[in-house]
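There are 4 protein chains.
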Amino acid sequence: MAAARFDPQDPGFAERVRASFDRQGAMHTIGATLTSVEPGSVVIELPWSAGLTQQHGFLHAGMVATALDSACGYAGSSLMAADAGVLTIEYKINLLAPARGQRFRMVGEVLKPGRTITVAEGRAYAIDDGREKLIATMHCTLMAITGRDGIRH
Amino acid sequence: MAAARFDPQDPGFAERVRASFDRQGAMHTIGATLTSVEPGSVVIELPWSAGLTQQHGFLHAGMVATALDSACGYAGSSLMAADAGVLTIEYKINLLAPARGQRFRMVGEVLKPGRTITVAEGRAYAIDDGREKLIATMHCTLMAITGRDGIRH
Amino acid sequence: MAAARFDPQDPGFAERVRASFDRQGAMHTIGATLTSVEPGSVVIELPWSAGLTQQHGFLHAGMVATALDSACGYAGSSLMAADAGVLTIEYKINLLAPARGQRFRMVGEVLKPGRTITVAEGRAYAIDDGREKLIATMHCTLMAITGRDGIRH
Amino acid sequence: MAAARFDPQDPGFAERVRASFDRQGAMHTIGATLTSVEPGSVVIELPWSAGLTQQHGFLHAGMVATALDSACGYAGSSLMAADAGVLTIEYKINLLAPARGQRFRMVGEVLKPGRTITVAEGRAYAIDDGREKLIATMHCTLMAITGRDGIRH
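Protein chains in written order, with full-length UniProt numbering: chain A, 1 to 153; chain B, 1 to 153; chain C, 1 to 153; chain D, 1 to 153.
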């Protein structure tokens, strides 16, 4: 993961990210919490729940991706201008191990910020009986949007 | 999308897929229904709901991916042996347009089946005021698993 | 693959694409020829050669990708404005079968054109003893660039 | 990038990787050299050359991918059994900046080795007037193949 430090353009980035997170119905549904918002780096956590599972009782890959996509998107958003919205253009996720655990931690980090295009990476960890294991990696491309109806941060 | 027709190894593939789908807590949570199960081709539909949204009120990209991943995975599973489980190794999703609509239709199709590795493609459509629009494409790599504890179809 | 028909913005798109292709040293090196340039659809062909192989004597995946990336990029470029340059932001390639054959055909098609972002898909076929086989699929995201030094079509 | 250290199964991994690299016609064509082979980590370098360019004179994205794919593939191969061949199933590349420079360094590292499936990551750096810049990232899925005709390391 990128170890780079970034300077935010918008000093109010953390409040802006938190307010946007609270508007995501999907984050409420999956029981996710925003546990860290730093410039270019965001952490989201959620507990296991039966409503998020695939057929073997592990977290569904799509639910892992839902939380990871939000972590990456908000990592990108944290470095954007105050009036920019962020859209995920595409992402790829590699599922390294079954999402088995009681709790999950998703870390999104900006690899390269840009005026229009930002590239971010994510890591998903499962916490199973106190041990943390890397279960998925995400690589995503984000676009900053300004002045488009219905798209805000 | 692939127009190829495939011969299933397991004559009971449709019941097997339906039973597995019913065990996915995530599909219940997102309100998804399995509307078609053909050899190498599966359709999943779901209605918009506030609990699935991102900050602009559209379907969260992760929720689109959750349904699309299940459609692709079950398309692959339909061509596998009766005792094989299916795991998603990785997928990529391109989000072509905001997921704005009252209803969503996810089509998963096998591009190339294989003994170990199967490649599938997905298309997500939003139905908005009666018009259907392509909103996302998925490309995913699946693995057939046999004889591993805790992994079944 | 997309069956859509697109209207080009630039009536001189085919000449523009051909002139750009001729400036790609990499296309000369791999022996590629531009065999079709239609709005949103481009075909590139090349023969097998020992200088393009991996360790088993098949075409190297990177060389398949090189030709496929050009096919997708020029498919996108064909729909862009006359003064726009095209950059590949990212692509994913799935290698479905070894690239074994005497000749290879790469088809790039636009799935969704856009003012800034264009999404394209590619298919690579190997022609082996007269039979054509799908060996790889590509999905890529392109960006139109205008007014940036050193970037032209 | 992964900082993990891995134990090779095959004590002769480095010679095996070097011998395979020498059989890749594509590596000769692009002027690539294998500059480091460690367990789970491989570095490949190459100079700029006119025969590897796209229309702006930068390294063609496909050529960056060719070298990066080999770096990732051999990183995976270094941890496999002596009689296993390695196939790239799929990869994704994000192009972060134009490949402008006199020399290029490609680093491939295993993120998660496996009996069948190995996941690796790559970083491509351009060295331009003595300064090194990250220009691309790759994420790829490899498969170990044994006992298949025509596929060896």
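C-beta atoms are modelled at their ideal positions from N, C-alpha and C, and glycine is treated no differently.
According to the DSSP assignment, Arg115/B belongs to no alpha helix (DSSP H), since it is labelled neither H nor E. Contact of Leu111/D with chain A is assigned, a C-beta pair being separated by under 8 angstroms. Rounded to the nearest angstrom, the gap between the Cα atoms of Thr118/B and Asp10/A is 45 angstroms. In this chain, the beta strand (DSSP E) harbouring Leu87/B covers Gly85 to Leu95.
Under DSSP, His139/D shares a beta bridge with Lys92/D and Glu121/D. Short of 8 angstroms from the beta carbon of Arg18/C, and not among the five residues preceding or following it, lie these beta carbons of its own chain, in chain order: Leu34 and Val37. At a cut-off of 8 angstroms, the C-beta of Ser20/B has a neighbouring C-beta in chain A.
Three or more beta-carbon pairs separated by less than 8 angstroms are not found between the stretch 71–85 of chain A and the stretch 46–63 of chain A, which leaves the two stretches without contact. When DSSP states are grouped into helix, strand and coil, Ser41/C belongs to the strand group. In chain D, no part has a C-beta under 7 angstroms from the C-beta of Leu87/A; the shortest such distance is about 16 angstroms. Considering only beta carbons, no part of the stretch 106–136 of chain A lies closer than 7 angstroms to chain B. Remark: C-beta atoms of Leu142/D and Gly40/D do not approach each other more closely than 8 angstroms. For Leu46/D, the three-state secondary structure derived from DSSP is strand. By the Cβ neighbour-count rule, Gly130/B is exposed, with fewer than 16 other Cβ atoms within 10 Å of its own. Of the candidates Thr53/C, Val43/C and Leu111/C, Val43/C places its Cα closest to the Cα of Leu68/C. Around the beta carbon of Arg105/B, 16 or more other beta carbons lie within 10 angstroms, which makes this residue buried. Under the 8 angstroms criterion on CB atoms, Leu96/D is classed as interfacial with respect to chain A. Judged by DSSP in its simplified three-state form, Arg16/D adopts helix.
Per DSSP, the unbroken alpha helix (DSSP H) holding Ser77/A starts and ends at Ala61 to Ser77.
For Gly25/C, the enclosing alpha helix (DSSP H) covers residues Gly25 to Thr29.
Note on Arg5/D: under 16 other CB atoms within 10 angstroms of its CB, so exposed under the neighbour-count rule. Look at His139/A: its C-beta is under 8 angstroms from a C-beta on chain D. With respect to Gln24/C, Ser70/C sits close: the two C-beta atoms are nearer than 8 angstroms.
If you check the CB distance, Ala32/C and Leu96/C do not come in under 8 angstroms. Distance from the CA of Phe13/B to the CA of Leu111/C, rounded to the nearest whole angstrom, comes to 32 angstroms. Taking the Cα of Gly122/C as reference, the smallest distance to any Cα among His139/C, Glu45/C and Ser20/C is reached at His139/C.
Going by C-alpha positions, Asp128/B is about 32 angstroms away from Val107/C. If you check each beta-carbon in the stretch 41–73 of chain D against every beta-carbon of chain C, the ones closer than 9 angstroms belong to Ser49, Ala50, Gly51, Leu52, Thr53, Gln54, Gln55, His56, Gly57, Phe58, Leu59, His60, Ala61, Gly62, Met63, Val64, Ala65, Thr66, Ala67, Leu68, Asp69, Ser70 and Gly73. At a cut-off of 8 angstroms, the C-beta of Ala26/A has a neighbouring C-beta in chain B. At a C-beta separation below 8 angstroms, Glu15/D has no neighbours in chain B, since its nearest C-beta there lies roughly 29 angstroms away.
Here Arg16/B is buried. Its C-beta has 16 or more other C-beta atoms within 10 Å.
In this structure, DSSP gives Phe104/D an extended state, which the three-state scheme calls strand. Between Leu52/D and Thr29/C, the C-beta spacing is below 8 angstroms.
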